[in-house]
Amino acid sequence: MTLQPVNDFVQQHSYPEFSLKAVFFDMDGVLFDSMPAHAEAWVRAIRNIGMPFTHYEAYMHEGRTGSGTINGIFQRELGRNATKEELDAIYQHKSEEFRDLSETIPMPFADNLLNKIKAKGLDIVLVTGSGQASLLDNLEVYYPGIFRQDKMVTAFDVKYGKPNPEPYLMGLQKAGVKPWEAVVVENAPLGVESAKGAGIFTIAINTGILEDDVLIDAGANIVLPGMEELFNQWDNLF
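Residue numbers are given in numbering that gives the first Met the number 0: position 68 of the sequence shown equals residue 67, and the series is strictly consecutive.
Below, the structure written as structure tokens:
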């Protein structure tokens with residue numbers, strides 16, 4: 000586990016202080032144990048069009064919008080972006096595969112942590128690259144009363160998506176807070192990179208198949224193995 004104290008983070012960024020008011024949560028791999036199904040769905044959809052793609056790559060692409068993932072693969076293989084027709088067809092195939100593969104599994108201890116944070120009077124904001132309606136609809140089912148529609152940033156809200164800082168900058172705007180007044184909980188290197196670009200203290204929970212070093216190199220201030228560890232350590236961190 001790699002730790003960078005909050006005070007060091009504040010000094011590094013020349014922030015006036017650290018005053019926690021809002022916590023930003025990614026969704027896949029943080030609130031729902033959905034990444035294995037996402038990865039398999041992407042592998043099937045991309046290989047279906049005759050292009051190579053692995054589960055490890057899917058985890059490395061996690062956090063991008065669907066179009067961002069597809070265009071990245073097209074640029075690598077064909078040197079161009081996908082057409083709108085190609086984007087629509089591939090993402091539809093991926094979404095159908097995901098529906099067939101997925102079982103909604105809330106991440107253990109996510110509910111405990113969310114309720115602890117809510118009890119402290121902190122704002123909770125969703126910042127996800129996903130546009131998967133089945134998961135977004137399940138937020139209220141599994142985490143009732145936690146997430147508000149006006150404090151969500153999804154694939155439908157952004158132009159660039161992660162790793163661009165746009166999603167977390169939009170999250171700051173929706174929460175009405177400064178970077179030194181927020182914390183991000185992420186599990187994907189591109190999400191960590193996005194949060195770092197927005198200047199926010201970032202906790203990475205490694206719930207996937209990537210090495211810790213990938214998250215550290217992306218800019219995570221803390222890396223933990225799961226939500227249980229974050230729940231147990233929360234009061235000591237802030």
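A virtual CB, placed ideally from N, CA and C, is assigned to each residue, including glycine.
Inset, instruction - Alpha carbon to alpha carbon, how far is Gln74 from Trp41? Give it in angstroms, no decimals. - result: Against the sequence shown, residue 41 aligns to sequence position 42. Against the sequence shown, residue 74 aligns to sequence position 75. Their backbone Cα atoms lie some 16 angstroms apart in a straight line.
Legend entry - Straight-line Cα distance separating Leu209 from Tyr55: On the sequence shown, position 56 is the one that residue 55 refers to. On the sequence shown, position 210 is the one that residue 209 refers to. Cα to Cα, Tyr55 sits roughly 7 angstroms from Leu209.
Legend entry - For Phe31, the three-state DSSP class (helix, strand or coil): Taking the first residue of the sequence shown as position 1, residue 31 is located at position 32. Correct three-state label for Phe31: strand.
Inset, instruction - Count the other C-beta atoms from every protein chain shown that fall within 10 angstroms of the C-beta of Tyr159, then say buried if there are 16 or more, exposed otherwise. - result: Residue 159 sits at position 160 when you count from the first residue of the sequence shown. Exposed is the call here.
Inset, instruction - Report yes if the CB atom of Gly170 is closer than 8 angstroms to the CB atom of Asn186, and no otherwise. - result: Along the sequence shown, one-based indexing puts residue 170 at 171. Along the sequence shown, one-based indexing puts residue 186 at 187. Taking 8 angstroms as the Cβ cut-off, Gly170 and Asn186 do not qualify as a contacting pair.
Inset, instruction - Note down, in chain order, each residue of its chain lying with its Cβ closer than 7 angstroms to the Cβ of Met26, except the 5 sequence neighbours on either side. - result: Within the sequence shown, numbered from 1, the residue matching residue 26 stands at position 27. So the list reads Leu125, Thr127, Ser129 and Leu134, once near-sequence residues are dropped.
Legend entry - Other residues of its chain near Trp233: CB distance less than 7 angstroms, five sequence neighbours each side excluded: By one-based count along the sequence shown, residue 233 stands at place 234. For Trp233, where only same-chain residues beyond five positions count, the Cβ hits under 7 angstroms are Leu112 and Lys115.
Legend entry - Own chain residues within Cβ distance below 7 angstroms of Leu214, not counting five before or after: Taking the first residue of the sequence shown as 1, we reach residue 214 at position 215. Result list for Leu214: Pro188, Val191, Ala203, Asn205 and Val222, in chain order.
Inset, instruction - Report yes if the CB atom of Glu238 is closer than 8 angstroms to the CB atom of Leu19, and no otherwise. - result: Any answer about residue 238 is impossible in this case: the structure gives the chain only from 0 up to 237.
Legend entry - Which residues DSSP lists as bridging Leu125, in chain order: Here residue 125 refers to the residue found at position 126 when the sequence shown is read from its first residue. According to DSSP, Leu125 bridges with Phe24 and Met151.
Inset, instruction - Express the C-alpha separation of Glu139 and Phe146 in angstroms, rounding to a whole number. - result: Mapped onto the sequence shown, residue 146 falls at position 147. Mapped onto the sequence shown, residue 139 falls at position 140. Computed Cα separation, rounded: 7 angstroms.
Inset, instruction - Between the Cα of Asp72 and those of Gly218, Gln10 and Ile45, spot the shortest distance and give me the residue it belongs to. - result: Taking the first residue of the sequence shown as position 1, residue 72 is located at position 73. Here the sequence assigns Ile to residue 72, which means Asp is not the residue at that position. Ranking the options by Cα distance to Ile72, first place goes to Ile45.
Inset, instruction - Verify whether the separation of the beta carbon atoms of Phe17 and Val184 is less than 8 angstroms. - result: Working through the sequence shown from its first residue, we reach residue 17 at position 18. Working through the sequence shown from its first residue, we reach residue 184 at position 185. The answer is no: Cβ separation not under 8 angstroms.
Legend entry - Separation of Phe52 from Ser13, as counted between CA atoms: To locate residue 13, count along the sequence shown from 1; it is residue 14. To locate residue 52, count along the sequence shown from 1; it is residue 53. Distance between the alpha carbons of Ser13 and Phe52 is about 41 angstroms.
Legend entry - Neighbourhood of Phe108 by C-beta, 6 angstroms cutoff - its chain only, sequence neighbours within 5 removed: As a position in the sequence shown, residue 108 is number 109, starting the count at 1. Excluding residues up to 5 positions away in sequence, Met226, Glu227 and Phe230 lie with their Cβ nearer than 6 angstroms to the Cβ of Phe108 in the same chain.
Legend entry - Option in Asp99, Ile69 and Asp122 with minimal Cα separation from Met50: Taking the sequence shown and counting its residues from 1, the one referred to as residue 50 is at position 51. Residue Ile69 is the option with its Cα nearest to Met50.
Legend entry - Buried versus exposed, by CB contacts within 10 Å (16 or more), Pro162: Against the sequence shown, residue 162 aligns to sequence position 163. Classification of Pro162: buried, given that the 10 Å Cβ count is 16 or more.
Legend entry - Where the beta strand (DSSP E) through Glu185 begins and ends: In the sequence shown, the residue the question calls residue 185 occupies position 186. That run of the beta strand (DSSP E) goes Ala181 to Glu185.
Inset, instruction - Give the C-beta separation of Glu39 and Leu100 to the nearest angstrom, bearing in mind that I take them to be a contact with Cβ-Cβ under 8 angstroms. - result: Taking the sequence shown and counting its residues from 1, one reaches residue 39 at position 40. Taking the sequence shown and counting its residues from 1, one reaches residue 100 at position 101. Correct: roughly 6 angstroms between the Cβ atoms.
Inset, instruction - Can you tell me which of Lys93, Arg63, Gln172 and Asp110 puts its alpha carbon nearest to the alpha carbon of His197? - result: Counting from 1 along the sequence shown, the entry for residue 197 is found at position 198. According to the sequence as given, residue 197 is Ala; it is not His. The residue with the shortest Cα to Cα distance from Ala197 is Gln172.
Inset, instruction - Give the single residue among Tyr142, Tyr167, Leu77 and Pro15 whose Cα lies nearest to the Cα of Thr153. - result: The residue you call residue 153 lines up with position 154 of the sequence shown. Considering only alpha carbons, the answer is Tyr167.
Inset, instruction - Would you mind stating whether Ile48 and Ile89 have Cβ atoms separated by less than 8 angstroms? - result: Within the sequence shown, the letter at position 49 stands for residue 48. Within the sequence shown, the letter at position 90 stands for residue 89. Result yes, Cβ atoms of Ile48 and Ile89 sit closer than 8 angstroms.
Legend entry - Residues that Phe237 bridges to, as DSSP identifies them: Position 238 of the sequence shown, counted from the start, is the residue given in the question as residue 237. Paired residue(s): none; Phe237 is not in a bridge.
Legend entry - Residues near Met34 by beta carbon distance below 6 angstroms, same chain, minus five either side: Within the sequence shown, the letter at position 35 stands for residue 34. Within the same chain, Met34 has close Cβ partners Asp27, Gly28 and Gly207.
Inset, instruction - Check Thr68 in the structure and name its three-state DSSP category. - result: On the sequence shown, residue 68 is found 69 positions in, with the first residue counted as 1. The answer is helix: DSSP assigns Thr68 an H, G or I state.
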